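**Student:** I am attaching a structure below and will ask some questions about it afterwards.
Residue numbers (the working numbering): 125 to 441.
Structure (structure tokens):
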């Protein structure tokens with residue numbers, strides 16, 4: 125079984141990219157994915173027909189996957205047929221279905237906060253499957269990230285629906301396991317990130333088709349606004365985003381990459397403030413700062429963080 129090895133993060137200057145500048149570059153490119161995922165709420169509420177989230181998931185994932193397969197002209201071989209199906213189910217199909225249940229049974233803030241536990245879940249799964257022991261630094265910033273996202277998205281009364289909570293945690297666990305397995309199995313030699321993303325998106329989209337038809341039936345005919353929304357989600361927030369995401373995951377530590385997902389609820393809240401004229405409280409501002417700090421800190425080792433602080437102090441002087 126082909127395996128990859130964990131690297132110590134951008135600050136350490138180790139890993140496939142070879143130097144810290146390259147590692148930070150891959151981090152920045154991987155961050156494009158959760159930033160675009162954070163636009164999903166705005167696009168869905170403002171442009172897409174209501175009541176068909178699973179259908180929207182199919183339209184988002186399957187065409188994007190087929191497009192990447194057409195561009196790359198690369199199909200799985202051997203064990204990668206079933207591995208792609210497993211990863212597609214975890215990272216796309218099961219994730220979308222579980223998040224659909226959570227979104228319908230819980231307030232958006234509660235669902236968003238549940239998804240923020242993903243870095244902690246990744247740390248636990250990586251310990252088992254990759255033999256990578258999480259540090260107190262990572263666990264501490266993982267908890268800080270959950271608090272930060274909670275401050276951003278939790279508002280008013282909090283509803284505790286057991287099925288919704290289990291679905292939200294299940295969605296976070298599904299993607300966490302998918303990330304760690306992706307890191308464990310790596311990518312076949314000579315297969316680029318777009319093709320690798322295409323395999324998973326196609327498998328996940330096909331898995332969603334019968335579920336969407338059974339639960340929602342056929343989606344309504346899209347108008348011009350819906351076509352534009354679907355195009356954005358499929359081409360940018362899925363095809364491009366997942367290609368960059370899996371490229372970064374192949375180069376960076378899986379725990380550090382998992383913290384980047386905290387950008388999604390932060391971007392969603394920021395767009396609500398900027399575009400939808402939603403209020404932004406001082407407490408939410410604290411949450412933004414805490415979430416962003418946890419993302420940045422997770423990319424560093426404690427020694428690297430202390431060195432960076434010392435360097436900043438020297439520059440100020």
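Heads up, the beta-carbon is just placed ideally off N, CA and C, and yes, glycines get one too.
Keep in mind that this is a model prediction, so the values were computed, not measured.
Can you find the residues in the same chain that come closer than 7 Å, C-beta to C-beta, to residue 276, ignoring five residues on each side of it along the sequence?
**Tutor:** 389, 390, 393, 408, 411, 412 and 415
**Student:** Could you check which residue in 294, 155 and 278 has the C-alpha nearest to that of residue 218?
**Tutor:** Answer by Cα proximity: 294.
**Student:** Relative to the C-alpha of residue 340, which residue among 191, 178 and 153 is closest?
**Tutor:** 178
**Student:** Distance check for residue 300 and residue 419, CA to CA, integer angstroms please.
**Tutor:** Roughly 16 Å separates the two Cα atoms.
**Student:** CB-CB under 7 Å to residue 372, same chain, minus the five flanking residues each way: which ones, in chain order?
**Tutor:** 150, 151, 153, 154 and 381
**Student:** Do you know whose CA, among 406, 242, 180 and 333, lies nearest residue 263's CA?
**Tutor:** 242
**Student:** Starting from the Cα of residue 292, find the closest Cα among 314, 220, 259 and 350 and give me that residue.
**Tutor:** 220
**Student:** The alpha helix (DSSP H) spanning residue 379 covers which residue range?
**Tutor:** 378–383
**Student:** Go ahead and label residue 369 buried or exposed: buried means 16 or more other beta carbons lie within 10 angstroms of its beta carbon, across all protein chains shown.
**Tutor:** Its Cβ being crowded by 16 or more others within 10 Å, residue 369 is buried.
**Student:** Using the Cβ count rule (16 or more neighbours within 10 Å means buried), how would you classify residue 402?
**Tutor:** exposed
**Student:** Which of the three DSSP states, helix, strand or coil, is assigned to residue 167?
**Tutor:** Three-state result, residue 167: helix.
**Student:** Can you name the start and end residues of the alpha helix (DSSP H) that residue 206 belongs to?
**Tutor:** 204–212
**Student:** What distance in whole Å lies between the Cβ atoms of residue 305 and residue 211, which are believed to be in contact at a cut-off of 8 Å?
**Tutor:** 6 Å
**Student:** Less than 9 Å between the beta carbons of residue 189 and residue 326, yes or no?
**Tutor:** Yes, the pair counts as a contact, with Cβ atoms nearer than the cut-off.
**Student:** For residue 424 and residue 322, what's the separation of their Cα atoms in angstroms?
**Tutor:** 31 Å
**Student:** Select from 274, 307 and 227 the residue whose C-alpha is nearest the C-alpha of residue 251.
**Tutor:** The option with the nearest alpha carbon to residue 251 is 307.
**Student:** Rounded to a whole number of angstroms, what is the C-alpha to C-alpha distance between residue 309 and residue 406?
**Tutor:** 43 Å
**Student:** If you scan the stretch 229–305 from start to end, which runs of the beta strand (DSSP E) of 3 or more residues do you find wholly inside it?
**Tutor:** At a cut-off of 3 residues, not a single continuous stretch assigned as beta strand (DSSP E) sits fully inside the stretch 229–305.
**Student:** Look at the Cβ atom of residue 385, then the Cβ atom of residue 239, and state whether they are nearer than 9 Å.
**Tutor:** yes
**Student:** At the level of alpha carbons, what is the spacing between residue 359 and residue 324?
**Tutor:** 15 Å
**Student:** What residue range is occupied by the uninterrupted alpha helix (DSSP H) comprising residue 374?
**Tutor:** 365–375
**Student:** Does residue 206 pass the burial test, meaning 16 or more other C-beta atoms within 10 Å, or should it be called exposed?
**Tutor:** exposed
**Student:** For residue 418, which of helix, strand or coil comes out of DSSP?
**Tutor:** helix
**Student:** CA-CA distance, residue 200 and residue 258?
**Tutor:** Rounded to the nearest angstrom, the two C-alpha atoms are 32 Å apart.
**Student:** Quick check on residue 352: does DSSP put it in helix, strand or coil?
**Tutor:** Of the three classes helix, strand and coil, the one that applies to residue 352 here is helix, per DSSP.
**Student:** Can you find a C-beta in chain D that's less than 9 Å from the C-beta of residue 173?
**Tutor:** Note that chain D does not occur in the displayed structure, where there is just one protein chain.
**Student:** What do you reckon, are the CB atoms on residue 357 and residue 164 nearer than 9 Å?
**Tutor:** yes
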